[in-house]
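**Q**
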Amino acid sequence: MTITITPAASERMRQFLAQTPDAAGVRFGVKRTGCSGFGYVVDLATVAGEDDRVLEVDGVPLVVDDKSLPLVDGTVIDFRRQGLNASFVFHNPNATGECGCGESFTVG
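The C-terminal position of the sequence shown is numbered 108 in the UniProt record's numbering, with every residue numbered one higher than the one before it.
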């Protein structure tokens, strides 16, 4: 299992974790949504459940559920600012297509 976090994404995640020191980590995964099938989830994980794995990436604990693992393996997570907007950006080698707005993706 390989997930990579760029320095910008790592800094942003550390900021989130510093504001909630009792969090288990940053939850990263996917959910069914959008016109292409899957959307990314990035949020604070208050606890890690039985079906979660906690991966230590660049000193950031990433909490990934078992169902998301095969869909996000190999993903590079970046954080970009463009003007007034800022968001996480994902480079996922498993994605075979994206919707026009870029909010969801297809696998396989």
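Ideal placement from N, C-alpha and C gives every residue a C-beta, glycine not left out.
Measuring straight from C-alpha to C-alpha, what distance separates Arg14 and Val60?
**A** Mapped onto the sequence shown, residue 14 falls at position 14. Mapped onto the sequence shown, residue 60 falls at position 60. If I take the Cα positions, the gap works out to 7 Å.
**Q** Following the continuous alpha helix (DSSP H) through Ala86, name the residue where it begins and the one where it ends.
**A** As a position in the sequence shown, residue 86 is number 86, starting the count at 1. No alpha helix (DSSP H) contains Ala86, which is instead part of the beta strand (DSSP E) from 85-91.
**Q** Just verifying my parser: in three-state terms, what is the DSSP assignment at Glu11?
**A** If you number the sequence shown from 1, residue 11 lands on position 11. Helix, per DSSP.
**Q** As a quick exercise: from Ser68, Phe79, Asp43, pick the residue whose alpha carbon is nearest that of Asp52.
**A** Against the sequence shown, residue 52 aligns to sequence position 52. It is Ser68 whose Cα lies nearest to the Cα of Asp52.
**Q** Assuming the contact rule is C-beta atoms closer than 8 Å, Val89 and Thr96 should be a hit. Round their C-beta distance to whole Å, please.
**A** Taking the first residue of the sequence shown as 1, we reach residue 89 at position 89. Taking the first residue of the sequence shown as 1, we reach residue 96 at position 96. So it is not a contact: roughly 18 Å between Cβ atoms.
**Q** Tell me whether Ala95 sits in a helix, a strand or coil according to DSSP, three-state version.
**A** Reading the sequence shown from its first residue, position 95 is the one you call residue 95. Under the three-state reduction of DSSP output, Ala95 falls in the strand class.
**Q** Give me the DSSP bridge partner(s) of Asp78.
**A** Position 78 of the sequence shown holds residue 78. BP columns for Asp78 point to Val89.
**Q** Would you mind stating whether Leu17 and Ala8 have Cβ atoms separated by less than 8 Å?
**A** Here residue 17 refers to the residue found at position 17 when the sequence shown is read from its first residue. Here residue 8 refers to the residue found at position 8 when the sequence shown is read from its first residue. No.
**Q** Give the straight-line distance between the Cα atoms of Phe38 and Val63, rounded to the nearest whole angstrom.
**A** Residue mapping note: residue 38 aligns to position 38 of the sequence shown, counting from 1. Residue mapping note: residue 63 aligns to position 63 of the sequence shown, counting from 1. Cα-Cα distance, rounded: 18 Å.
**Q** If we ignore side chains and look at the alpha-carbon of each, how far apart do Thr33 and Val72 end up?
**A** Here residue 33 corresponds to residue number 33 of the sequence shown, with the count starting at 1. Here residue 72 corresponds to residue number 72 of the sequence shown, with the count starting at 1. Each residue's alpha carbon lies about 15 Å from the other.
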